[in-house]
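**Q** Sequence order for the protein chains is A and B.
Residue numbers for the first sequence follow the numbering used here, so the first one is 11 and each next one is one higher.
Residue numbers for the second sequence follow the numbering used here, so the first one is 12 and each next one is one higher.
By construction, the Cβ of each residue, glycine as well, lies at the ideal position given by its N, Cα and C atoms.
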Amino acid sequence: MKDVRDALMIARNTDGKLVHRPLSPHLQVYRWPISMALSILHRASGMALGIGTLLLTWWLVAAATSPDAFATAQGFIGSPLGILLLFGWSVALIFHFFTGLRHLAWDMGYGFDAPQYDNTGKAVLIATAVTTVVVWVIGLSVW
Amino acid sequence: MANAPHIDVFRSPLGRARGRGSAKHGVGEWLATRIEAVALVPLTIWFVFSVIHLAGATHEQVVAWMQSPWVMALMLALIGTTFHHLQLGLQNVIEDYIHDDAVKWAVSIANKAICVLLALACIVSVLKIGL
């Protein structure tokens with residue numbers, strides 16, 4: 011134990027003997043309730059949207075640069091890979107949107123009761139699926 | 012026994028903790044993330060509709076769309092809010108999972124720099140198209 015931080019993990023028991031303090035259990039020992047999965051996915055979708063901002067930036071910069079640059083960006087977005095990325099981006103955005111609303115409700119003190127947080131979790135998944143389908147149906151019909 | 016508990020650091024936990032308390036701006040950042048989330052609710056809905064509206068649009072159509080003052084204002088609001096919200100969110104992830112001080116500082120600064128740079132590129136593009 012060369013690091014002072016490790017010293018905090020060592021203590022004396024009632025016999026005066028040095029022992030390692032117990033560590034709290036982590037992810038691998040819990041079953042996966044829906045709230046835990048959604049919490050992790052909220053973070054993951056946020057990070058994915060961070061990468062997605064590169065697409066937005068490229069599109070805007072291309073539009074500001076020249077019609078040719080814009081055509082290249084628009085062509086990529088319309089390609090199979092581009093549509094796949096756009097689809098993933100839309101799912102991440104819509105999911106993060108709904109889980110974000112759920113987090114805001116929690117921040118105001120609502121929705122902590124046992125059956126309620128499971129139900130709102132399921133509602134988030136259903137709302138994400140329905141909204142994604144609706145957005146793509148409308149989007150592809152006007153494309 | 013290599014793993015037997017032993018202490019060869021003589022600094023007390025109190026000595027270690029002194030001067031390493033809260034930086035006192037955590038609440039502001041926490042609140043900013045939430046307020047930005049609230050602002051992003053209508054902005055995101057508007058943006059998704061705009062993206063649908065612009066699906067397959069030509070360069071001319073996008074330029075014409077961006078020249079509306081309201082579109083420009085909403086785009087700028089969306090860009091500023093999104094990138095600040097993103098930077099704060101990623102900062103949380105960095106602080107939760109990176110424990111090496113030097114790496115944490117480097118990644119935090121890189122996060123800020125990249126978010127600011129992308130936001131500036133988007134803002135300048137919107138202004139250049141719209142003005």
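#1: Does the distance from the C-beta atom of ILE93/A to that of THR138/A stay below 8 Å?
#2: What residue range does the alpha helix (DSSP H) around VAL49/B cover?
#3: What are the start and end residues of the alpha helix (DSSP H) that includes ILE120/B?
#4: For the alpha helix (DSSP H) that contains VAL143/A, what are its first and last residues?
#5: Quick check: the Cα distance between HIS36/B and VAL114/B, rounded to an integer number of angstroms?
#6: Can you tell me where the alpha helix (DSSP H) holding HIS95/B begins and where it ends?
#7: Distance cutoff 8 Å, beta carbons only. Does LEU129/B sit that close to anything in chain A?
#8: Helix, strand or coil: which one does DSSP assign to ARG22/A?
#9: Are the CB atoms of THR109/A and LEU129/B nearer to each other than 8 Å?
#10: Which residue from LYS123/B, MET83/B, SER119/B and HIS110/B puts its Cα closest to that of LYS139/B?
#11: I want to verify the contact list: residues of chain E whose CB lies under 8 Å from the CB of THR93/B, in sequence order.
#12: List, in order along the chain, the chain A residues whose C-beta lies closer than 7 Å to that of PRO16/B?
**A** So, to answer that:
#1: A distance of 8 Å or more separates the beta carbons of ILE93/A and THR138/A.
#2: Looking at the DSSP string, the run of the alpha helix (DSSP H) that includes VAL49/B is 37 to 64.
#3: Taken as a continuous stretch (DSSP letters only), the alpha helix (DSSP H) holding ILE120/B covers 112 to 141.
#4: For VAL143/A, the uninterrupted alpha helix (DSSP H) run begins and ends at 124 to 152, by DSSP.
#5: Distance between HIS36/B and VAL114/B, taken at the CA atoms: about 22 Å.
#6: Looking at the DSSP string, the run of the alpha helix (DSSP H) that includes HIS95/B is 80 to 108.
#7: Cβ-Cβ to chain A under 8 Å: yes for LEU129/B.
#8: In this structure, ARG22/A counts as strand in the three-state DSSP scheme.
#9: No, they are not a contact pair.
#10: Taking LYS139/B as reference, the option from LYS123/B, MET83/B, SER119/B and HIS110/B with the minimal CA-CA separation is MET83/B.
#11: This model lacks chain E altogether; the protein chains it does include are A and B.
#12: Simply ILE20, LEU28, VAL29 and HIS30.
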